[in-house]
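K.L.:
Residue numbers (the numbering used here): 13 to 449.
1) Could you compute how far the alpha carbon of residue 266 sits from the alpha carbon of residue 333?
2) Considering just the uninterrupted stretch of the alpha helix (DSSP H) at residue 422, what are its terminal residues?
3) Would you mind giving the Cβ-Cβ distance between residue 154 and residue 414, rounded to the nearest angstrom? I have them listed as a contact below 8 Å.
4) One question on the structure: do residue 121 and residue 162 come within less than 9 Å of each other, judged by their Cβ atoms?
5) Nearest-angstrom Cα distance between residue 404 and residue 134?
6) Taking the alpha carbon of residue 281 as the reference point, which residue from 76, 86 and 27 has its own alpha carbon closest?
7) Would you identify the three-state DSSP class for residue 316, choosing helix, strand or coil?
8) When you compare only the Cα positions, how much space is there between residue 336 and residue 381?
9) Less than 9 Å separating the beta-carbons of residue 59 and residue 39?
10) Once DSSP output is grouped into helix, strand and coil, what is the label at residue 186?
11) Just the C-alpha distance for residue 152 and residue 195, rounded to the nearest angstrom, thanks.
12) Does DSSP put residue 281 in a helix, in a strand, or in coil?
13) Would the beta-carbon of residue 108 fall within 9 Å of that of residue 216?
14) How many angstroms separate the CA atom of residue 453 from the CA atom of residue 424?
15) How long is the line joining the alpha carbons of residue 418 and residue 251, rounded to whole angstroms?
16) I want to know whether the stretch 256-270 touches the stretch 138-152 - three or more CB-CB distances under 8 Å.
17) Rank 156, 149, 79 and 80 by C-alpha distance to the C-alpha of residue 117 and give the top, closest one.
18) In the structure shown, what three-state DSSP assignment does residue 350 receive?
19) Go ahead and pull the three-state DSSP assignment for residue 148.
20) What three-state label does DSSP hand residue 120 in the structure shown?
21) Specify the secondary structure class of residue 296 as computed by DSSP and reduced to three states.
22) Assuming residue 48 contacts residue 400 under a Cβ cut-off of 8 Å, what Cβ separation, rounded to an integer in Å, is found between them?
23) Below 8 Å on the Cβ atoms is my guess for residue 348 versus residue 390; work out the distance and round it to an integer in Å.
24) I'd like the span of the alpha helix (DSSP H) that includes residue 403, first residue to last.
25) Given a threshold of 16 other Cβ atoms within 10 Å of its Cβ, counted over all protein chains shown, does residue 236 qualify as buried or as exposed?
26) Can you find the residues in the same chain that come closer than 7 Å, C-beta to C-beta, to residue 211, ignoring five residues on each side of it along the sequence?
27) If residue 429 and residue 197 are in contact, beta carbons under 8 Å, what's the gap, nearest whole angstrom?
28) Name the two residues that bound the continuous alpha helix (DSSP H) containing residue 387.
29) Is the beta carbon of residue 309 sitting closer than 9 Å to the one on residue 73?
30) Provide the residue span of the alpha helix (DSSP H) that contains residue 267, from first to last.
31) Report the option in 350, 139 and 172 whose CA atom is closest to the CA atom of residue 128.
32) Return the CA-CA distance between residue 295 and residue 189, expressed in angstroms with no decimal places.
33) Got a sec, what are the start and stop residues for the alpha helix (DSSP H) residue 86 sits in?
34) Does any heavy atom of the ligand PLP sit closer than 8 Å to the C-beta of residue 155?
35) Can you look up residue 438 in the DSSP assignment and give me helix, strand or coil?
36) Taking the alpha-carbon positions, what's the residue 289 to residue 372 distance?
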């Protein structure tokens, strides 16, 4: 079987098993092993133990459960709700202030949890109804929650960034540093869009009445809550960016810091510890099975000649090096309509990154472009799975069509940031080079 036909068979099989609701990790691994057994015979199954062991034994991956645990403690102890209350109090007097507060608080939560689901579901369950109740335009409110919650994979400690670094042998510290400037630009553009929209159309994001803006004491408490969360973020990311700790050590520091903060706020008990531990274990187990299945799929595909196929396609293209990068981005956008960011990173990073490097591009630059792509792909209708996170926590009268329509302007902003970073690589590479070179 030629590599071209094999690739089509694998992709078609993926669509079938995902449509049937098969767990992602088992679907990917099962397809790879079924086709491998047909191609190589029973000895193909020897690939399973060696691949599984190599896929999950990387020391870098130990940071994943620790960062997830940190986020679980902060969210389950009620600190997430406290942060949204802080945003409500501090930004409510502005037109569109609640939506702007959602963007900023989601960015802070993203810097604690490293995944999309936590930010979207926390913001959707805590901040969405207050915006509806105060007369906010429904599309603006839904779009702000979706856009803000999606920042979790672009702002360190992003779990997809850790996966990219693990499968491409890149520096996690450089990946984290590379994502900071694009994230800051994206947050700034979100805030500007909301502010201008509500300035031109005050009815879309009315300011809170004076009686709901909080007392001086409320504002001081809100500032304290925000400062404590920000201090933990600086402690964790600063220790990585300035070389004080490895990402895994910083993740352990973050987990302990989250516990200390929860204890200080009298929001920590055995129930919170149990829920956070179980939640972290479940999310980590899902990630591990996806890593194993996707690595089996990728390794088999590579052994059958996927690398040579991509190399030949790249050599024969008339688009030039930048055109190749654009084609890669488009392919990942399409994949994001059907599968989550973990799988795309694990499958595409080892295939695409060597080609990008061979074309003369910085692997950190390419990695951040991939993460920016994931920001767009997983929130794009009709099957961007992050859209369904919001539906699960939104009020019952919110329809999927409303959610689809709400994300349009924010997707456009994300595309602008992606294009800017492609056109001006220094937006990504400047900070990593400054800190690590």
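Yeah, the Cβ is synthetic: ideal placement off N, Cα and C, and Gly gets one too.
P.N.:
With the given structure in hand:
1) About 40 Å.
2) Its alpha helix (DSSP H) spans residues 420-435.
3) That pair is a contact at about 6 Å.
4) Between residue 121 and residue 162, the C-beta gap is not smaller than 9 Å, which leaves the two residues out of contact.
5) Straight through space, the alpha carbons of residue 134 and residue 404 are spaced by roughly 11 Å.
6) Considering only alpha carbons, the answer is 86.
7) Coil, per DSSP.
8) Within the model, the alpha-carbon separation for residue 336 versus residue 381 is close to 13 Å.
9) No, these two residues do not count as a Cβ contact at 9 Å.
10) In this structure, residue 186 counts as helix in the three-state DSSP scheme.
11) Taking the straight line from one Cα to the other gives about 20 Å.
12) Three-state DSSP puts residue 281 in coil, outside helix and strand.
13) A contact, by the Cβ cut-off of 9 Å.
14) The structure shown does not extend to residue 453, since the chain is modelled only from 13 to 449, so the question has no answer here.
15) Straight through space, the alpha carbons of residue 251 and residue 418 are spaced by roughly 37 Å.
16) With the cut-off at 8 Å, the stretch 256-270 and the stretch 138-152 do not touch.
17) Nearest of 156, 149, 79 and 80 to residue 117, Cα basis: 156.
18) In the three-state reduction of the DSSP assignment, residue 350 falls in the coil class, being assigned neither a helical nor a strand state.
19) Coil.
20) Annotated three-state conformation of residue 120 is helix, per DSSP.
21) Residue 296: helix per DSSP, three-state reduction.
22) Here residue 48 is actually not in contact with residue 400; their C-beta atoms are around 32 Å apart, not less than 8 Å.
23) Right, their Cβ atoms sit about 5 Å apart.
24) Judged by DSSP secondary structure, residue 403 falls within the alpha helix (DSSP H) whose first and last residues are 398-405.
25) Sixteen is the threshold: since fewer than 16 other Cβ atoms of the shown chains lie within 10 Å of the Cβ of residue 236, the residue is exposed.
26) If the five residues before and after residue 211 are omitted, its C-beta is found closer than 7 Å to the C-beta atoms of 107, all from its own chain and listed in chain order.
27) Yes, residue 429 and residue 197 are in contact; Cβ-Cβ is about 6 Å, under 8 Å.
28) For residue 387, the uninterrupted alpha helix (DSSP H) run begins and ends at 375-389, by DSSP.
29) By the CB criterion at 9 Å, residue 309 and residue 73 fall outside the cutoff.
30) Run containing residue 267: 259-276, per the alpha helix (DSSP H) assignment.
31) Residue 172 is the option with its Cα nearest to residue 128.
32) Spanning the two alpha carbons is a distance of roughly 25 Å.
33) First-last of the alpha helix (DSSP H) with residue 86: 75-88.
34) Ligands are entirely absent from the displayed structure, and the ligand PLP is therefore not among its contents.
35) Helix, per DSSP.
36) Each residue's alpha carbon lies about 43 Å from the other.
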